[in-house]
Amino acid sequence: MKIAITGKGGVGKTTLSGVLARLFANDGFNVLAVDADPDANLASSIGISEEKFQKIVPFSKMKELAKKRTAAEDGYGSLFILNPKVDDLPDEYCVEHKGVKLLAMGTIDQGGSGCVCPENTLIKRLMQELLVNRDDVVIMDMEAGIEHLGRGTAESVDALIVVVEPGRRSMQTANQIKGLAKDIGIKKVFIVASKVQDEKDLTFIKDNLNGFEFLGFVSLSSAVKKADIEGVSPIDIGGEVINEISLIKEQLIAKLN
Ligand SMILES: Nc1ncnc2c1ncn2[C@@H]1O[C@H](COP(=O)(O)OP(=O)(O)O)[C@@H](O)[C@H]1O
Ligand SMILES: [Mg+2]
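Here the sequence shown is numbered in our numbering, starting from 61 and rising by one per residue.
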């Protein structure tokens with residue numbers, strides 16, 4: 061199962077991604093959590109310590125590795141391999157915690173559509189490897205966009221979850237993302253409502269779905285804030301939000317099978 065999570069900044073994408081990854085791992089799945097947000101912080105919501113987090117080098121910074129794999133030492137000319145070997149990289153460069161393997165992508169240099177620098181090529185191939193070739197549960201935490209997905213990988217994403225909070229701005233972002241998702245061929249796009257305080261919040265979101273399928277909700281929770289302050293995963297603190305995210309996981313399994 062390949063899940064990509066996106067939405068406006070600050071809505072709760074990373075919180076949902078980290079907890080979902082841990083819950084799938086608890087169920088015995090092989091889980092790859094992919095941090096595809098340049099402002100990478102998925103590690104902490106998985107429960108990876110600050111010390112271990114500091115050791116993670118995103119693939120976008122592995123210039124030497126990218127050069128080696130794409131054999132581009134002599135400039136970006138004739139000997140550039142567009143299809144480098146990457147199948148060993150997920151296991152080699154992940155950080156593992158409680159059954160979740162975390163990989164950090166880093167920033168994809170957009171630099172015009174024709175940019176084929178080694179790092180971009182490596183990341184693109186790696187995304188393909190993770191989404192198309194592997195059978196693990198892949199949970200990808202993205203920024204407010206879907207730049208890491210393109211033709212060839214987007215079709216392998218089983219579901220894009222757009223996280224929104226009660227309010228019009230994150231819903232507007234969701235609508236923009238829906239347009240992009242359709243363009244690149246993502247099959248299923250769900251909404252998860254985050255930071256929900258009461259029934260009224262939930263009704264507001266459900267009344268403004270605009271063609272999205274509703275997947276579930278996460279309440280505004282002091283336990284999530286506490287986890288963030290203490291540098292642990294919300295799952296290690298527990299509480300109602302974990303039940304809510306478990307329901308989201310069950311819905312995913314039910315709707316995607
Ligand atoms: N359900 C929630 N209840 C309370 N605070 C939350 C909740 N979800 C996220 N937060 C807090 O909101 C902030 C942004 O959350 P985060 O998951 O990093 O969002 P994003 O990845 O979308 O930017 C963090 O401080 C986080 O602890
Ligand atoms: Mg985030």
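Every residue, glycine too, gets a C-beta built ideally from N, C-alpha and C.
If you're wondering where the values come from, they're calculated on a predicted model, not measured in any experiment.
Expressed to the nearest angstrom, what Euclidean distance is found between the alpha-carbon atoms of residue i and residue j?
i: residue 265; j: residue 123; result: 43 angstroms
i: residue 232; j: residue 195; result: 33 angstroms
i: residue 307; j: residue 268; result: 22 angstroms
i: residue 314; j: residue 279; result: 22 angstroms
i: residue 246; j: residue 204; result: 16 angstroms
i: residue 105; j: residue 223; result: 16 angstroms
i: residue 296; j: residue 108; result: 11 angstroms
i: residue 181; j: residue 117; result: 17 angstroms
i: residue 144; j: residue 261; result: 48 angstroms
Are residue i and residue j close, meaning C-beta to C-beta below 8 angstroms?
i: residue 305; j: residue 92; result: no
i: residue 198; j: residue 63; result: yes
i: residue 102; j: residue 69; result: no
i: residue 94; j: residue 201; result: yes
i: residue 88; j: residue 119; result: no
i: residue 67; j: residue 293; result: no
i: residue 240; j: residue 61; result: no
i: residue 155; j: residue 185; result: no
Smallest Cα separation from residue i: which of the options?
i: residue 287; options: 302, 268, 246; result: 302
i: residue 282; options: 270, 255, 268, 215; result: 255
i: residue 311; options: 193, 185, 276; result: 276
i: residue 121; options: 69, 96, 83, 179; result: 179
i: residue 271; options: 213, 166, 235, 155; result: 235
i: residue 257; options: 249, 237, 238, 225; result: 225
i: residue 96; options: 107, 313, 73, 90; result: 73
i: residue 248; options: 262, 273, 144; result: 273
Under three-state DSSP, which class holds residue i?
i: residue 173; result: For residue 173, the predicted structure reports a pLDDT of 49, less than 50, and the residue's modelled location is therefore unreliable. A value from the coordinates is still provided. Residue state, collapsed to three classes: coil.
i: residue 217; result: coil
i: residue 120; result: helix
i: residue 255; result: strand
i: residue 317; result: coil
i: residue 200; result: strand
i: residue 207; result: coil
i: residue 297; result: coil
Quiz item: Below 8 angstroms, can you find three or more Cβ-Cβ pairs linking the region 138-154 to the region 189-197?
Solution: yes
Quiz item: Are three or more beta carbon pairs between the region 204-221 and the region 106-119 nearer than 8 angstroms?
Solution: Below 8 angstroms, too few C-beta pairs join the region 204-221 and the region 106-119 to call them touching: fewer than three.
Quiz prompt | Three-pair Cβ contact test at 8 angstroms for the region 157-165 versus the region 79-93 | solution = yes
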